[in-house]
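Participant: Numbering follows the numbering used here, in which position 56 of the sequence shown is assigned residue number 56; successive positions increment by one, without gaps.
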Amino acid sequence: MPDLFSQSLTPDQVAERVGRMDQVAGARPFVFDEGPARGMRGIDVWTGSGLTFTVLPDRCLDIGSARLAGRPFGWESSTGPVAPERFDPEGFRWLRSFGGGLLTTCGLRHFGAPDCEDGERWGLHGRASHLSAEQVGVESAWDGDVYRIRIRGRVREAEVFKPTLVLERTIATALGSRTIEIADRITNAGYAPSAAMLLYHVNLGWPLVSETSRLLVNVESIRPVTDRAAAAQDRHAEFQPPTEGFEEEVYQIVPKAGGDGLARAAIVNPALDGGFGVSVAWTLDTLPQMAEWKMMGQGTYVVGVEPMNCPFPPREALRKKGLMPELEPGQSFETAVTISVHLGAEELVCLEEAILGG
Numbered sequence: 001m002p003d004l005f006s007q008s009l010t011p012d013q014v015a016e017r018v019g020r021m022d023q024v025a026g027a028r029p030f031v032f033d034e035g036p037a038r039g040m041r042g043i044d045v046w047t048g049s050g051l052t053f054t055v056l057p058d059r060c061l062d063i064g065s066a067r068l069a070g071r072p073f074g075w076e077s078s079t080g081p082v083a084p085e086r087f088d089p090e091g092f093r094w095l096r097s098f099g100g101g102l103l104t105t106c107g108l109r110h111f112g113a114p115d116c117e118d119g120e121r122w123g124l125h126g127r128a129s130h131l132s133a134e135q136v137g138v139e140s141a142w143d144g145d146v147y148r149i150r151i152r153g154r155v156r157e158a159e160v161f162k163p164t165l166v167l168e169r170t171i172a173t174a175l176g177s178r179t180i181e182i183a184d185r186i187t188n189a190g191y192a193p194s195a196a197m198l199l200y201h202v203n204l205g206w207p208l209v210s211e212t213s214r215l216l217v218n219v220e221s222i223r224p225v226t227d228r229a230a231a232a233q234d235r236h237a238e239f240q241p242p243t244e245g246f247e248e249e250v251y252q253i254v255p256k257a258g259g260d261g262l263a264r265a266a267i268v269n270p271a272l273d274g275g276f277g278v279s280v281a282w283t284l285d286t287l288p289q290m291a292e293w294k295m296m297g298q299g300t301y302v303v304g305v306e307p308m309n310c311p312f313p314p315r316e317a318l319r320k321k322g323l324m325p326e327l328e329p330g331q332s333f334e335t336a337v338t339i340s341v342h343l344g345a346e347e348l349v350c351l352e353e354a355i356l357g358g
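(1) With V166 and A133 assumed to form a contact (beta carbons below 8 Å), what rounded beta-carbon distance in angstroms separates them?
(2) Which same chain residues end up closer than 8 Å to R315 when comparing Cβ atoms and leaving out the 5 residues on each side of it in sequence?
(3) Just confirm the distance between the C-beta atoms of V305 and V341, as a whole number of angstroms; I'd bet it's less than 8 Å.
(4) Would T212 be called buried (16 or more neighbouring beta carbons within 10 Å of its own) or exposed?
(5) Assuming C106 is part of the beta strand (DSSP E), what are its boundary residues?
(6) Closer than 8 Å by C-beta to G91: which residues in its own chain qualify, once you throw out the five before and the five after it? Chain order, please.
(7) Can you tell which of G297, H130, L272 and G275 has its C-alpha closest to the C-alpha of E85?
(8) Starting from the C-beta of G205, find all residues in its chain whose C-beta is less than 6 Å away, skip the five residues before and the five after it, and write them out in chain order.
(9) Could you please give the first and the last residue of the uninterrupted alpha helix (DSSP H) stretch that includes D118?
(10) Using only alpha-carbon positions, find the residue among L95, G176, S177 and I171 that is nearest to D184.
(11) Would you call the segment 274-291 and the segment 334-350 in contact, with 3 or more CB pairs under 8 Å?
(12) L95: buried (16+ other C-beta within 10 angstroms of its C-beta) or exposed?
(13) Please report how far the alpha carbon of Y147 lies from the alpha carbon of V55, in whole angstroms.
(14) With a CB to CB cut of under 8 Å and the five nearest residues on each side skipped, what residues in its chain are close to G26?
(15) Quick check on DSSP: helix, strand or coil for K294?
(16) Mapping DSSP to helix, strand and coil, what is G42?
(17) Assuming D143 is part of the beta strand (DSSP E), what are its boundary residues?
(18) Using DSSP with H/G/I as helix, E/B as strand and the rest coil, what is M324?
(19) Counting only the same chain and skipping the five closest in sequence on each side, list residues whose C-beta sits under 7 Å from that of V18.
(20) Near E244, which residues of its chain fall below 7 Å by C-beta distance, leaving aside the five closest residues on each side in sequence?
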């Protein structure tokens, strides 16, 4: 039974108290009407626990703003939401339409820094986050004692004479929940083998991220990616106030799995409202590594927790080492990421034990 406003209620008891379920939980499609996002679809979701978030069907069914009881925990960049037709794929120009949000999908045939392989140029983090979903469906209904909210859709990365990859995504939550589940299936719908690179760019910001917060992750190994990271690796899990001239730190981490086979990482802030944290859990067999993106700059104050299915490029090096993920024609792989909000000192202690062991 859902726990709502400190009450445990049956479906009938909930129905007696509302005219329609949208009063406490639901999902409502809309269209942005101004600025660089004008004409882009959105879906607002609320669960009755205080969790609200916005799904962006025209941006790979990614997740934009995310809040709990009005408190933001996803990071939003200076660009704001941007419609996909404004995408510039060259070099680092992906950043011109990187609105941040809670989740940005990177892939499906490339992620990481710009690269060139066999004469084909790849811009930062690939095309996925600027592809519009089709066959989008929104469903809110009772499933036994659970009122489930699901958003489904299909995203196609295709080009004439090139491979075709199809991402089928389901985003799910429930009445009374503080958890968002993202379940993906990626299929090679073409007739030749294709690289299938996938990174979940989970972006967490202030007030969750502050000098009183820290990163929890059970590290098997860690490798600095940027020069700044190499000089600051021993402090990778610590944060500081917004700092003038800060250079981004990126780390590539192999995490240890928990007893359930899942990897977890979290940002926790014991000083925020008696304890506030956001965790990311994922299937380690399909996403064996993660990146930490630590950016403590003024106006760009964010930590990225980024599960991924292979190391960062160069692509040629990945192929030589046999580390480039590939799908044969008709082949698929499935993976999942779960984002949860944790409240209070007791929940943070349990979360730390789940990640680091206790």
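No residue lacks a Cβ here, since even glycine has one placed at the ideal position from N, Cα and C. For clarity, every value in this text was computed on a predicted model and none was experimentally measured.
Facilitator: For this structure:
(1) Incorrect: roughly 11 Å between the Cβ atoms, too far for contact.
(2) Answer for R315: H110, D115, E117, W122, A195 and M324, listed in chain order.
(3) Contact doesn't hold; Cβ gap of about 14 Å is too wide.
(4) Looking at its Cβ environment, which holds fewer than 16 other Cβ atoms inside 10 Å, T212 is exposed.
(5) Annotation: the continuous beta strand (DSSP E) that includes C106 extends over L103 to L108.
(6) Its chain contains P114, G123 and L124 as the residues whose beta carbon lies nearer than 8 Å to that of G91, once the 5 sequence neighbours on both sides are disregarded; these appear in chain order.
(7) Of G297, H130, L272 and G275, the residue nearest in Cα terms is H130.
(8) Scanning its chain for C-beta atoms nearer than 6 Å, with the 5 sequence neighbours on each side dropped, one finds around G205 the residues W75 and V302, in chain order.
(9) Bounds of any alpha helix (DSSP H) do not take in D118, whose DSSP letter is neither H nor E.
(10) Distances from the CA of D184 to each of L95, G176, S177 and I171 were compared; the closest alpha carbon is that of I171.
(11) Pairwise C-beta distances place the segment 274-291 in contact with the segment 334-350, as three or more of them are shorter than 8 Å.
(12) Exposed, by the Cβ-count rule.
(13) Near 19 Å, if we compare the C-alpha coordinates of V55 and Y147.
(14) So the qualifying residues of the chain are V45, W46, S140 and I149.
(15) Here K294 sits in strand by DSSP.
(16) Collapsing the DSSP output to three states places G42 in a strand.
(17) Taken as a continuous stretch (DSSP letters only), the beta strand (DSSP E) holding D143 covers E134 to D143.
(18) DSSP places M324 in coil when its eight states are reduced to three.
(19) Taken in chain order, the residues that qualify are V24.
(20) So the qualifying residues of the chain are Q298.
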